[in-house]
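Have a look at the structure below before the remarks.
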Amino acid sequence: MNIFRLSGDLLHLASIFILIARLHQTKSCAGISLKTQYLYLLVFATRYLDLFLGFVSVYNTLMKIFFLASSGYIVYLMYSPLKASYDKSLDSFRVEYIIAFAAVVALAFPHKYSVVEVLWSFSIYLESLAIIPQLFQMTRTGEADNITSHYVFALGGYRALYMLNWFYRYYTEDNYVDYISWIAGIVQTALYGDFFYIYITRVLKGKSFKLP
Amino acid sequence: SAQPAEHDEL
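From first to last, the protein sequence lines are chains A and B. The opening position of the first sequence corresponds to residue 1 in the numbering used here, with each subsequent residue numbered one higher. The opening position of the second sequence corresponds to residue 213 in the numbering used here, with each subsequent residue numbered one higher.
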């Protein structure tokens, strides 16, 4: 554990609390992509299967359980109590392409050919692309309420902090490199490029998130 | 270079 990874994890945790608070406060899921939330549930379900296979630390186990439970809870909220506020026509990105792409890359370049390793690679690649339906919806409508933009910022910032963590690990742990995490992490952070720019130039200056 | 033996990150 190092300060970059811990900060990244805490920012990831914060992003989920922000989203749940947003759903509870407004009693609406308008502006939130159900497809992105469904993809995160799939990401955690395929990656954290290893909960049953090995033990890393109490911290690691508790965080995994939290991510699984919270993503399930968010999908439940959007499917059931908040369903009336969900506008399917705005959440129109074809998510099949993302799942198929992540599956092909995971099958082509896993660390090892085993069910658990291929699913792990799939979850890493899928996570890197899972924000696309959310960003697509924000691009389509051209705006987002502030708390939604804070949510997306925290979610994007978390993986950027992980990149600092991988640099740190490279130097402190005998050139430790996980190339799958690196490639997916770079793609994931890069996808947020335009978003970060608008967030910093508008939302942090007290204006609302609006595309020019 | 060291290869990741296990996935210890989240």
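All residues carry an ideal CB built from backbone N, CA and C; glycine is no exception.
With the rule of 3 Cβ pairs closer than 8 Å, the region 60 to 78 of chain A does not count as touching the region 99 to 118 of chain A. Chain-order list of chain B residues neighbouring A:Lys112: empty, with the shortest C-beta distance near 10 Å, by a criterion of under 9 Å. The beta carbon of A:Val56 sits closer than 8 Å to some beta carbon of chain B. The C-beta distance from A:Asn2 to A:Tyr168 rounds to 5 Å, short enough to meet the 8 Å contact threshold.
Relative to the Cα of A:Thr139, the nearest Cα in the group A:Ser123, A:Leu42, A:Ser33 belongs to A:Ser33. For the 8 Å CB-CB criterion, A:Lys210 and A:Gly142 form a contact.
Among the CB atoms of chain B, one or more fall inside 8 Å of the CB of A:Asp9. Beta bridge pairing from DSSP links A:Phe209 with A:Ala144. Within the region 18 to 81 of chain A, the runs of alpha helix (DSSP H) at least 4 residues long that lie entirely inside it are, in chain order, 34 to 47, 58 to 79.
Neighbours of A:Arg5 in chain B, taken as residues at a C-beta separation under 8 Å, are given in chain order as Glu221.
In the three-state DSSP reduction, A:Met1 falls in the coil class, being neither helix nor strand. Inclusion of A:Arg47 and A:Tyr162 in the CB contact set at 8 Å is not warranted, their separation being larger than that value. By the criterion of at least three beta-carbon pairs nearer than 8 Å, the region 145 to 159 of chain A is in contact with the region 13 to 25 of chain A. Among the CB atoms of chain B, one or more fall inside 8 Å of the CB of A:Trp120. Inter-residue distance for A:Ile200 and A:Pro133 is about 21 Å (C-alpha atoms, whole angstroms).
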